[in-house]
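Contents: one structure, followed by commentary.
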Amino acid sequence: MLFNSYEFIFLFLPITLLSYFLVKSARLKLFILAISSYLFYGYWNYKFLPLLLLSTMVDFYIGKKLGDNEDHPLKRKYLLWTSLVLNLGLLGFFKYFNFFMESAAFISGGHFDSWNIILPVGISFYTFQSMSYTIDIYRGHQKPYDDFLAFATYVSFFPQLVAGPIVRHDELVPQFITPKDKGRLNWDDLTQGSQRFIIGLAKKILIADTIGVAIDQALIHLPDFSTLEAWMCALGYTFQIYYDFSGYSDMAIGLGRMFGFTFPENFHSPYKSKSITEFWRRWHMTLSFWLRDYLYISLGGNRSGKWGTYKNLILTMLLGGLWHGANWVFVIWGIYHGLLLAIERFFKGKLHIPDGVKYFGTFFLVVFGWVVFRSPDVAFALLWFKKMFVLEGGLDYWHFVAKLRDKYYPALLVGALLCFFAKSSQEFDYNVFRKKRWLLCFAVTFIWIVLGLSQESPFLYFQF
Amino acid sequence: MSSKKWFLTWLGLSVLIFACVGLINLYIDPYKVFNWEYRHSFVSERSAFLSKMTRLENYTGLECLILGSSRAELLQPSQASERSQLKTFTAALGGAMTYSKYAFGMKALDNKPDLKEIWYFSDFYEFNEKKIPWSTYRVEQGREYFLKDELEDVVPNSEYFQTLISLKTLRASIKTIKEMSRESESAYLDDGSTKISIVKLSFNDLILEMKMNFLFYKLSRWNGFKALSEKSKWLIDDMIRKANDKSVIIKVVLTPIHPELMRKLESELGLKKLWDEWRDFWRSRSSKTVKIYDYTESEKYWKSDSTGWNDGVHFSPEATQMILEDLVGESNH
Numbered sequence: 001m002l003f004n005s006y007e008f009i010f011l012f013l014p015i016t017l018l019s020y021f022l023v024k025s026a027r028l029k030l031f032i033l034a035i036s037s038y039l040f041y042g043y044w045n046y047k048f049l050p051l052l053l054l055s056t057m058v059d060f061y062i063g064k065k066l067g068d069n070e071d072h073p074l075k076r077k078y079l080l081w082t083s084l085v086l087n088l089g090l091l092g093f094f095k096y097f098n099f100f101m102e103s104a105a106f107i108s109g110g111h112f113d114s115w116n117i118i119l120p121v122g123i124s125f126y127t128f129q130s131m132s133y134t135i136d137i138y139r140g141h142q143k144p145y146d147d148f149l150a151f152a153t154y155v156s157f158f159p160q161l162v163a164g165p166i167v168r169h170d171e172l173v174p175q176f177i178t179p180k181d182k183g184r185l186n187w188d189d190l191t192q193g194s195q196r197f198i199i200g201l202a203k204k205i206l207i208a209d210t211i212g213v214a215i216d217q218a219l220i221h222l223p224d225f226s227t228l229e230a231w232m233c234a235l236g237y238t239f240q241i242y243y244d245f246s247g248y249s250d251m252a253i254g255l256g257r258m259f260g261f262t263f264p265e266n267f268h269s270p271y272k273s274k275s276i277t278e279f280w281r282r283w284h285m286t287l288s289f290w291l292r293d294y295l296y297i298s299l300g301g302n303r304s305g306k307w308g309t310y311k312n313l314i315l316t317m318l319l320g321g322l323w324h325g326a327n328w329v330f331v332i333w334g335i336y337h338g339l340l341l342a343i344e345r346f347f348k349g350k351l352h353i354p355d356g357v358k359y360f361g362t363f364f365l366v367v368f369g370w371v372v373f374r375s376p377d378v379a380f381a382l383l384w385f386k387k388m389f390v391l392e393g394g395l396d397y398w399h400f401v402a403k404l405r406d407k408y409y410p411a412l413l414v415g416a417l418l419c420f421f422a423k424s425s426q427e428f429d430y431n432v433f434r435k436k437r438w439l440l441c442f443a444v445t446f447i448w449i450v451l452g453l454s455q456e457s458p459f460l461y462f463q464f
Numbered sequence: 001m002s003s004k005k006w007f008l009t010w011l012g013l014s015v016l017i018f019a020c021v022g023l024i025n026l027y028i029d030p031y032k033v034f035n036w037e038y039r040h041s042f043v044s045e046r047s048a049f050l051s052k053m054t055r056l057e058n059y060t061g062l063e064c065l066i067l068g069s070s071r072a073e074l075l076q077p078s079q080a081s082e083r084s085q086l087k088t089f090t091a092a093l094g095g096a097m098t099y100s101k102y103a104f105g106m107k108a109l110d111n112k113p114d115l116k117e118i119w120y121f122s123d124f125y126e127f128n129e130k131k132i133p134w135s136t137y138r139v140e141q142g143r144e145y146f147l148k149d150e151l152e153d154v155v156p157n158s159e160y161f162q163t164l165i166s167l168k169t170l171r172a173s174i175k176t177i178k179e180m181s182r183e184s185e186s187a188y189l190d191d192g193s194t195k196i197s198i199v200k201l202s203f204n205d206l207i208l209e210m211k212m213n214f215l216f217y218k219l220s221r222w223n224g225f226k227a228l229s230e231k232s233k234w235l236i237d238d239m240i241r242k243a244n245d246k247s248v249i250i251k252v253v254l255t256p257i258h259p260e261l262m263r264k265l266e267s268e269l270g271l272k273k274l275w276d277e278w279r280d281f282w283r284s285r286s287s288k289t290v291k292i293y294d295y296t297e298s299e300k301y302w303k304s305d306s307t308g309w310n311d312g313v314h315f316s317p318e319a320t321q322m323i324l325e326d327l328v329g330e331s332n333h
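Line by line, the protein sequences give chains A and B. Each residue of the first sequence is one higher than the last, beginning at 1 in this note's numbering. Each residue of the second sequence is one higher than the last, beginning at 1 in this note's numbering.
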């Protein structure tokens with residue numbers, strides 16, 4: 001079920017909200033959230049519900065056992081490894097099995113027929129969330145929770161289950177155990193949550209999808225592209241992925257807020273960054289911080305000397321890239337960003353670059369990364385770069401279907417202007433939106449979007 | 001304004017507007033798919049399928065029915081009537097797939113006692129049908145032919161609600177209201193024909209036009225084309241059975257595409273095997289009452305230059321005339 005679908009907006013969400021706020025018992029409220037979340041996930045494919053439940057139950061149990069064995073370091077290590085092996089094993093099998101086997105076959109000169117493995121939606125997100133719990137208990141940063149229902153709801157909570165933000169257990173479980181105002185309806189939360197949801201919906205539908213439809217159709221003809229078209233697609237995808245993903249995050253955060261829960265922010269105007277380091281503090285922040293806390297630091301972080309730090313940065317970003325998908329383009333994209341981070345670290349404080357150049361340079365370095373990220377394979381990416389940098393075709397753009405192109409330009413322009421000059425969603429003063437003119441604006445935007453919801457448009461990050 | 005007031009006002013406003021949109025669409029029913037008891041009774045032009053079906057119902061003395069897509073639209077029923085001496089109606093519709101051709105064909109077979117011939121222009125892509133378009137299935141005059149066990153699971157009922165509160169339907173309703181007040185000229189004549197203008201292309205422009213056509217067809221008509229639709233086959237066979245019962249001859253035209261476009265179809269999309277299966281399907285149906293006119297291989301008629309083509313898919317008026325001559329049996333194929 002997508003957030004931008006009739007069944008979610010007119011059926012699932014109203015029923016869940018009403019059920020949640022009509023019951024008085026906090027326990028029952030939690031139960032309703034858990035059931036709704038499992039129904040939400042099961043709507044996509046009920047056969048994968050046991051997997052979600054298994055991951056949840058195992059990590060909750062391991063968490064309890066870790067707490068019971070505080071004085072047995074070896075046992076704790078085995079328990080932690082069990083959690084890691086299970087979660088990474090699930091991820092590895094469903095997401096990477098075919099990739100690794102095909103790569104191994106390629107290297108050895110053999111052949112491998114891919115297995116028909118369905119990737120469970122959200123597995124990259126919920127396994128990471130679940131693992132962070134056992135790792136934190138192992139490190140002594142967290143005591144095990146006693147409340148299985150609260151933990152299960154945390155892992156499966158529908159607003160962030162399938163595409164993040166990656167919420168830490170200590171950010172959400174306490175809110176479930178002791179909800180604000182005992183879970184009573186808070187009009188401020190409901191209103192501001194709705195506003196955030198509509199902002200996210202607008203970002204996704206009006207900007208991301210409009211650009212996406214145009215460039216998806218055009219990219220099929222990359223070999224015949226002019227230089228202009230290659231750049232149109234590169235810039236288009238840069239804004240498409242931002243508005244798609246940040247739009248989803250806004251919706252997720254807005255939905256959580258409607259129920260009275262606070263989620264961490266996931267984006268903070270990333271294209272306003274002056275460096276790649278800053279970019280990763282503004283883009284998909286919850287993933288960045290997860291990778292920093294559970295991977296980079298575990299590898300040694302910046303305590304491994306200069307070259308060790310660079311190695312750790314590159315390795316972390318490589319794995320971060322691989323997390324996005326089982327394809328060499330994601331590995332290359334990850335290594336690319338890792339190298340940029342390492343190079344920035346190397347030159348830190350040594351070069352004096354004007355801010356304008358920093359903004360400009362960072363933005364285009366990110367654009368080049370997105371060209372690789374969007375490509376189905378390395379050859380496609382190389383061809384795309386060739387089309388971008390070897391001038392040909394003049395100002396031809398006939399591969400962009402006219403009807404879509406006419407919407408692509410305004411969407412790109414508005415998207416770019418908002419990216420570079422507007423505040424990010426969390427910086428808005430939502431009290432301002434309580435004025436009448438904003439009420440009309442939100443109502444018209446919401447109605448316009450819902451009336452136009454005639455075709456399914458999944459979120460890009462669902463595939464991760 | 002307090003948050004509570006804001007939220008309730010926004011919710012109330014949204015519900016009110018959705019309800020109004022739904023009511024307008026239900027009342028005007030531009031595609032004639034809701035058939036609410038209190039709906040407006042005028043005929044809407046919004047749905048080409050609906051418009052043609054209504055005209056077919058009202059057409060008396062029908063002897064020859066043309067079924068096809070935009071490729072058959074150039075064949076004017078008045079010319080066909082004159083050459084064949086059969087009173088002809090064209091139910092050719094741009095983008096028509098098997099389902100809509102089936103509905104027209106069965107409607108004529110059930111209700112037109114004078115019907116003697118059906119000229120069925122078969123397009124390769126019509127066998128890529130996955131489900132009946134909701135606007136075809138739900139139209140009153142089409143629905144009766146699709147309520148069959150063999151065609152279950154082809155239409156999701158959730159589309160009902162989506163169509164009811166969709167912007168597209170609202171635009172169609174508004175256009176219908178405007179046309180009501182202006183009494184605008186219909187796009188279709190009583191015999192189903194449409195006013196079409198042709199712009200003759202040079203060979204270079206034709207090649208460019210074909211490139212764009214290929215892009216369009218690749219993403220739509222030929223997208224995900226893995227096998228000939230079993231449901232399309234069933235529909236055709238059902239229509240053939242009925243035609244045999246009514247002693248109506250079906251003349252099937254296997255429509256070609258430009259050799260250049262055909263080469264791309266083979267090399268880039270790998271659809272040669274399906275293309276051959278499509279032709280074999282029809283050839284296997286050839287009989288005394290089902291005559292096949294296969295133009296797919298004859299470069300004699302379909303030259304690689306621009307003579308026979310309007311673009312890589314649509315024939316020129318000259319080529320259409322050649323087909324007409326063949327169908328009325330005055331020239332050898």
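Here a beta-carbon is modelled for each residue, glycine too, at the ideal position from N, C-alpha and C.
Residue i at chain A interface by Cβ criterion, 8 Å
i: B/S100; result: no
i: B/Q162; result: yes
i: B/I174; result: no
i: B/C20; result: no
i: B/I17; result: yes
i: B/H333; result: Note on B/H333: pLDDT 40, under 50, position unreliable in the model; no value is reported.
i: B/F34; result: no
i: B/L23; result: no
i: B/K4; result: yes
i: B/S70; result: no
i: B/S166; result: yes
Beta carbon proximity, residue i to chain B, threshold 8 Å
i: A/Y6; result: yes
i: A/T191; result: yes
i: A/M1; result: no
i: A/L439; result: yes
i: A/D250; result: no
i: A/D188; result: yes
i: A/R434; result: yes
i: A/G393; result: no
Residue i classed as buried or exposed, judged by whether at least 16 other C-beta atoms fall within 10 angstroms
i: A/T210; result: buried
i: B/Y217; result: buried
i: B/W36; result: exposed
i: A/S323; result: The question names Ser, yet the displayed sequence has Trp at residue 323 of chain A. Buried, by the Cβ-count rule.
i: B/F315; result: buried
i: A/C233; result: buried
i: A/V85; result: exposed
i: A/Q242; result: The sequence shown places Tyr at residue 242 of chain A, not Gln. Buried.
i: A/D136; result: buried
i: B/V328; result: buried
i: A/R139; result: exposed
Supposed close pair residue i, residue j - CB separation, criterion 8 Å
i: A/A411; j: A/L206; result: 7 Å
i: B/S232; j: B/F127; result: 5 Å
i: A/L255; j: A/G183; result: Contact doesn't hold; Cβ gap of about 15 Å is too wide.
Inter-stretch contact at 8 Å, needing at least 3 Cβ pairs: the segment 385-394 of chain A / the segment 219-236 of chain A: Per the Cβ contact rule, the segment 385-394 of chain A is in contact with the segment 219-236 of chain A (3 or more Cβ pairs under 8 Å).
Segment contact flag, the segment 162-173 of chain B with the segment 51-66 of chain B, C-beta cutoff 8 Å, min 3 pairs: At 8 Å Cβ cutoff, the stretches do not touch.
Stretch-stretch touch, CB-based, cutoff 8 Å, three pairs: the segment 164-174 of chain A with the segment 260-275 of chain A: Contact between the segment 164-174 of chain A and the segment 260-275 of chain A is present, because at least three Cβ pairs lie under 8 Å.
Members of the segment 194-208 of chain A near chain B, C-beta cut-off 8 Å: Correct list: S194.
At least 3 beta-carbon pairs within less than 8 Å: the segment 3-19 of chain B vs the segment 430-445 of chain A: The segment 3-19 of chain B is in contact with the segment 430-445 of chain A.
At least 3 beta-carbon pairs within less than 8 Å: the segment 242-253 of chain B vs the segment 276-296 of chain B: Enough Cβ pairs lie closer than 8 Å, so yes.
Near-chain B residues of the segment 149-183 of chain A - C-beta to any C-beta below 7 Å: Against chain B - using a Cβ distance shorter than 7 Å - the segment 149-183 of chain A contributes no residues.
Cβ contact (3+ pairs, closer than 8 Å) linking the segment 59-69 of chain A and the segment 123-139 of chain A: Output reads yes: the segment 123-139 of chain A touches the segment 59-69 of chain A.
Proximal residues, the segment 85-112 of chain A versus chain B, C-beta separation under 9 Å: Going along the segment 85-112 of chain A in chain order, one finds no residue with a Cβ nearer than 9 Å to chain B.
Stretch-stretch touch, CB-based, cutoff 8 Å, three pairs: the segment 112-120 of chain A with the segment 20-36 of chain A: In short, these stretches do not touch, since the Cβ pair count stays below three.
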